[in-house]
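Protein chains in written order, with full-length UniProt numbering: chain A, 1 to 129; chain B, 1 to 129; chain C, 1 to 129; chain D, 1 to 129; chain E, 1 to 129; chain F, 1 to 129; chain G, 1 to 129; chain H, 1 to 129.
There are 8 protein chains.
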Amino acid sequence: MVDIAVISGSKSDQLIVDRILGRLKDEGVSFEHRVLSAHRNPKELEGYVSGTDAHVFIAVAGLSAALPGVIASQTHRPVIGVPVSAKLGGLDSLLSIVQMPPGVPVACVGIDNGENAALLAIRILESGR
Amino acid sequence: MVDIAVISGSKSDQLIVDRILGRLKDEGVSFEHRVLSAHRNPKELEGYVSGTDAHVFIAVAGLSAALPGVIASQTHRPVIGVPVSAKLGGLDSLLSIVQMPPGVPVACVGIDNGENAALLAIRILESGR
Amino acid sequence: MVDIAVISGSKSDQLIVDRILGRLKDEGVSFEHRVLSAHRNPKELEGYVSGTDAHVFIAVAGLSAALPGVIASQTHRPVIGVPVSAKLGGLDSLLSIVQMPPGVPVACVGIDNGENAALLAIRILESGR
Amino acid sequence: MVDIAVISGSKSDQLIVDRILGRLKDEGVSFEHRVLSAHRNPKELEGYVSGTDAHVFIAVAGLSAALPGVIASQTHRPVIGVPVSAKLGGLDSLLSIVQMPPGVPVACVGIDNGENAALLAIRILESGR
Amino acid sequence: MVDIAVISGSKSDQLIVDRILGRLKDEGVSFEHRVLSAHRNPKELEGYVSGTDAHVFIAVAGLSAALPGVIASQTHRPVIGVPVSAKLGGLDSLLSIVQMPPGVPVACVGIDNGENAALLAIRILESGR
Amino acid sequence: MVDIAVISGSKSDQLIVDRILGRLKDEGVSFEHRVLSAHRNPKELEGYVSGTDAHVFIAVAGLSAALPGVIASQTHRPVIGVPVSAKLGGLDSLLSIVQMPPGVPVACVGIDNGENAALLAIRILESGR
Amino acid sequence: MVDIAVISGSKSDQLIVDRILGRLKDEGVSFEHRVLSAHRNPKELEGYVSGTDAHVFIAVAGLSAALPGVIASQTHRPVIGVPVSAKLGGLDSLLSIVQMPPGVPVACVGIDNGENAALLAIRILESGR
Amino acid sequence: MVDIAVISGSKSDQLIVDRILGRLKDEGVSFEHRVLSAHRNPKELEGYVSGTDAHVFIAVAGLSAALPGVIASQTHRPVIGVPVSAKLGGLDSLLSIVQMPPGVPVACVGIDNGENAALLAIRILESGR
């Protein structure tokens with residue numbers, strides 16, 4: 001049993017992931033982390049998402065960041081997306097994450113803002129009915 | 001007792017608010033709606049936020065949309081921000097809502113995307129520990 | 001046996017789809033069209049992509065347009081992405097489609113430019129080894 | 001009694017603050033400086049704004065820079081906002097500061113342009129009826 | 001003797017000017033309005049700016065909006081700039097007005113936001129030493 | 001006989017070209033590379049394009065990157081464009097390459113993304129009728 | 001013998017062309033107009049550019065507007081580029097025209113600003129050594 | 001008697017100016033250079049512009065770059081504007097220079113592209129009637 005599942009799309013996002021994990025550890029919630037790309041590991045991603053009992057997902061991705069939206073289409077749990085600045089200052093990943101079509105919601109936080117992703121996940125954990 | 005509190009910054013956001021409320025009603029969760037500006041009604045806003053027992057907040061705002069962030073600084077509940085396209089196609093409100101400083105998280109959805117705000121709120125309601 | 005598979009993410013993209021299909025018909029290549037969202041119909045999408053013998057895919061999508069990239073991760077055929085202007089003049093879908101991570105290529109054409117998607121598909125059909 | 005109150009949202013804005021303070025000192029006007037975040041110290045901020053007799057406020061903030069607008073909603077004095085470039089070259093803070101809703105005016109100067117904030121404050125000081 | 005001088009760069013800005021003048025009239029401050037382009041009427045502009053005893057200037061301009069900056073270089077009074085959306089949603093005039101070089105400050109308000117220009121001018125009028 | 005022709009507009013694009021050539025070599029397809037500017041070597045460019053029997057073209061260019069479009073107007077083979085980030089984070093070259101007028105298609109990949117250009121070219125090679 | 005050659009890339013640019021021609025007629029300079037696309041009529045374009053004795057070229061184009069740059073590579077006369085707003089408010093054509101590589105200069109005027117193209121051409125006509 | 005007058009708005013633009021002067025020297029045309037700000041030295045600027053017999057002006061400026069437009073309003077000679085990247089990658093100065101109102105034309109070249117300014121000036125010198 002784990003509270004929060006953190007998934008990053010590439011090893012190059014590790015710096016942002018470390019801030020998330022550090023903050024979650026400080027706050028005393030349980031978590032696990034996987035590196036799984038929506039494009040390169042779709043099967044492993046789907047298997048992991050459907051198999052975990054995490055309450056909240058945090059997805060970290062740069063460029064045309066499909067990861068948070070793909071996870072949101074595979075679970076009914078809340079999914080937090082963290083855009084990473086790889087090109088164009090992160091505007092590409094921000095728009096890719098936040099502009100989801102109606103029906104598949106993603107909770108986007110600021111560019112490279114791992115800390116807020118962790119804090120938002122904890123707020124969600126503590127706010128269910 | 002109410003599940004979700006929807007707050008919009010101005011009457012001009014009503015079209016987006018209606019989509020949120022309609023969707024929440026369809027899903028059978030309880031909610032209430034207030035029009036309270038972070039800039040023009042700060043006291044009423046603070047009073048309402050501290051007094052409600054809502055589990056999740058949805059804040060709708062255009063232009064330099066401070067409303068979601070201000071609410072997030074007044075509660076420990078999750079706050080969902082909905083940017084409204086009034087100028088620049090909504091880029092101003094999107095950046096104002098999503099680029100929160102570390103420590104005060106807001107869950108941003110897409111521009112004018114009231115439906116996803118409602119759906120994200122319901123996911124959060126159902127996902128607490 | 002079909003030459004080109006055209007997939008759109010939503011019925012609201014039909015105007016762009018019609019231009020693609022019209023042009024393909026004019027050029028005398030065979031094609032079929034499906035409305036399948038990467039987020040709302042992931043299983044049907046995967047089934048269709050793996051089952052068709054089309055040589056080239058054309059994927060039409062707006063907002064955070066994950067469709068072309070998801071298809072490209074499910075096939076080794078060339079995938080052409082057509083960004084649709086729904087918000088921000090189409091900048092969101094353009095960046096979502098074109099800024100793919102290394103390893104999963106998508107061939108992006110201009111915003112709402114269905115005609116060029118059709119013409120590019122035909123060039124590809126006629127240029128294999 | 002002080003002429004100008006300079007408030008910055010974070011210690012990371014200190015470089016811009018130093019340019020403001022240096023210029024104010026050169027010009028021989030009295031001032032004081034506080035680090036108070038609209039999101040993290042709302043009570044202290046409100047107490048300071050309502051308690052000071054400063055004629056003009058200068059608010060320095062990056063990202064989704066709500067500080068100038070929040071101050072402007074708490075005082076009838078002129079408020080000058082200085083956007084700081086933390087992400088996206090400062091476009092986020094610029095739009096957050098300048099695109100205020102009708103009714104709560106903020107005087108925005110250029111990105112990182114502390115000198116002009118100081119000079120504008122002095123012009124205002126010397127121009128009342 | 002007049003409190004506020006409103007200058008617009010072109011007759012096409014009249015809609016924004018009307019909102020400014022209406023608000024100033026409501027607030028009971030005295031004002032006058034001129035249509036003077038920084039590019040097409042530089043001499044008349046300079047003559048008017050140096051001759052008026054207005055306490056505050058409001059300059060309204062679209063496109064590459066040089067008017068507020070030019071006025072600010074001709075007076076030591078505060079100058080408020082109002083960007084008008086003629087092309088690119090007003091981003092061109094916003095950047096032209098707000099990104100002034102150090103030494104010549106302009107107080108920029110939001111795109112097409114005549115009301116806030118009027119309100120800011122009144123705050124300035126009432127806040128001198 | 002060569003599979004793929006790689007053309008770059010300037011020697012300053014060599015870093016991106018090297019990634020393309022390296023990847024093509026790894027994949028075992030034949031290729032050749034020329035440095036030919038659409039603006040500075042139009043005759044040599046036209047001569048090379050009309051003379052080669054390459055199946056696919058990859059064109060690498062920064063700034064107002066006309067090279068891919070000009071090649072596409074000189075051949076009926078597929079042309080892949082790679083925008084290079086020289087100014088504005090590469091937004092200028094991205095828009096110059098992707099926003100082709102109807103009738104002359106270019107397959108655009110991500111900014112500086114030479115690897116995907118190579119992979120897309122290989123997909124095309126293997127997908128003709 | 002003609003003073004100014006006006007070339008537009010598409011019939012859809014005619015509204016802007018009409019403003020140019022109207023202004024040139026008013027000013028009493030001689031001119032001729034051709035519709036020639038850099039991508040669809042490269043041979044006719046080159047023939048026309050090399051054959052005319054016009055002193056100045058005005059090139060009107062939207063989207064990835066290669067026309068002005070291609071003309072500038074075929075003549076040593078000054079070339080004025082007029083970006084047309086077809087998509088993204090004209091930002092695509094503006095960047096395509098203005099961001100020319102060193103060595104092939106184009107004189108860019110504002111988006112859809114045919115009048116300034118005409119006036120700039122006349123200034124050039126009257127300013128040679 | 002001088003062919004080309006180069007005016008820069010600030011000493012911080014010197015790197016771009018040096019490229020212009022170097023290229024003009026190589027090409028054997030006569031020139032002179034002044035550092036004159038439209039905002040800080042309006043009188044000296046106007047005196048210099050009206051007094052010189054230069055055929056062409058090159059104006060170099062960053063931020064809200066009013067210099068080229070102001071010069072164009074003071075002379076009937078062609079004025080070339082060179083945007084300098086100081087903030088936002090130079091997008092602010094590009095839009096400030098290129099988006100001139102109808103009636104006062106400026107010939108804009110690419111961001112930081114001093115070489116093309118020099119080459120365009122030479123083309124103009126050699127192309128009068």
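Positions of the beta carbon are idealized from the N, C-alpha and C atoms, including for glycine. Being a predicted model, the structure only gives us computed values, none of them experimental.
A residue is called buried once 16 or more other Cβ atoms fall within 10 Å of its Cβ, and residue 119 of chain E is buried on that count. When the beta-carbon positions are compared, residue 58 of chain D and residue 85 of chain D stay at least 7 Å from each other. In the assembly as shown, residue 51 of chain B is an exposed residue. Its beta-carbon has fewer than 16 other beta-carbons within 10 Å. Neighbours of residue 89 of chain D in chain A, taken as residues whose beta carbon is under 7 Å from its own, are 89 in chain order.
With a 10 Å radius around the Cβ and a threshold of 16 neighbouring Cβ atoms, residue 1 of chain A comes out exposed.
Rounded to the nearest whole angstrom, the C-alpha separation of residue 53 of chain H and residue 3 of chain H is 8 Å.
In this structure, DSSP gives residue 93 of chain C a helical state, which the three-state scheme calls helix.
Looking at the DSSP output, residue 12 of chain H bridges to nothing. For residue 98 of chain H, the nearest CB of chain G lies under 7 Å from its own CB, placing it at the interface with that chain.
Residue nearest to residue 21 of chain D within the set D/101, D/83, D/122 is D/122 (criterion: CA-CA distance).
DSSP, reduced to helix, strand and coil, places residue 126 of chain G outside both helices and strands of the structure shown, so it counts as coil.
Think of a sphere of 7 Å around the beta carbon of residue 63 of chain D: the chain A residues whose beta carbon falls inside it are 110, in chain order. Segment contact: the region 72-86 of chain E against the region 4-24 of chain F, fewer than three CB-CB distances shorter than 8 Å; contact not assigned. Residue-level contact by beta carbon fails for residue 59 of chain C and chain F, as no gap is shorter than 7 Å. Restricting attention to D/29, D/6, D/10, the CA atom closest to the CA of residue 100 of chain B is found in D/10. Interface with chain G (7 Å Cβ-Cβ cutoff): residue 115 of chain H is included. Judged by DSSP in its simplified three-state form, residue 101 of chain G adopts coil rather than helix or strand. A check of alpha carbon separations from residue 125 of chain F across F/34, F/24, F/47 identifies F/24 as the nearest. Within the DSSP bridge table, the entry for residue 32 of chain D names D/5 as partners. With a cutoff of 7 Å on beta-carbon distance, residue 29 of chain G and residue 8 of chain G are scored as not near each other.
Inter-residue distance for residue 60 of chain F and residue 79 of chain F is about 11 Å (C-alpha atoms, whole angstroms).
Where residue 42 of chain E is concerned, the enclosing alpha helix (DSSP H) starts and stops at 42-51. Per DSSP, the unbroken alpha helix (DSSP H) holding residue 71 of chain D starts and ends at 67-72.
Residue state for residue 80 of chain A is assigned as strand, using DSSP reduced to three classes. A residue is called buried once 16 or more other Cβ atoms fall within 10 Å of its Cβ, and residue 87 of chain G is buried on that count. Taking C-alpha positions only, residue 93 of chain E is separated from residue 96 of chain H by approximately 7 Å. Interface criterion met: the Cβ of residue 40 of chain C is under 7 Å from a Cβ in chain A.
Residue 47 of chain F sits exposed, since fewer than 16 C-beta atoms from the chains shown fall within 10 Å of its C-beta. Between the alpha carbons of residue 55 of chain E and residue 103 of chain B lies a gap of roughly 42 Å. Between residue 109 of chain C and residue 69 of chain C, the CB-CB gap reaches or exceeds 7 Å. Against chain H, the CB of residue 95 of chain E has a partner CB under 7 Å away; the residue lies at that interface. Counting the other Cβ atoms within 10 Å of the Cβ of residue 115 of chain E gives 16 or more, which makes it buried. Listed along the chain, the chain B residues whose CB falls inside 7 Å of the CB of residue 56 of chain A are 127.
Cβ neighbours of residue 66 of chain D within its own chain (closer than 6 Å, five residues either side excluded): 38. Taking the C-beta atoms as reference points, residue 49 of chain E is found nearer than 7 Å to residue 71 of chain E.
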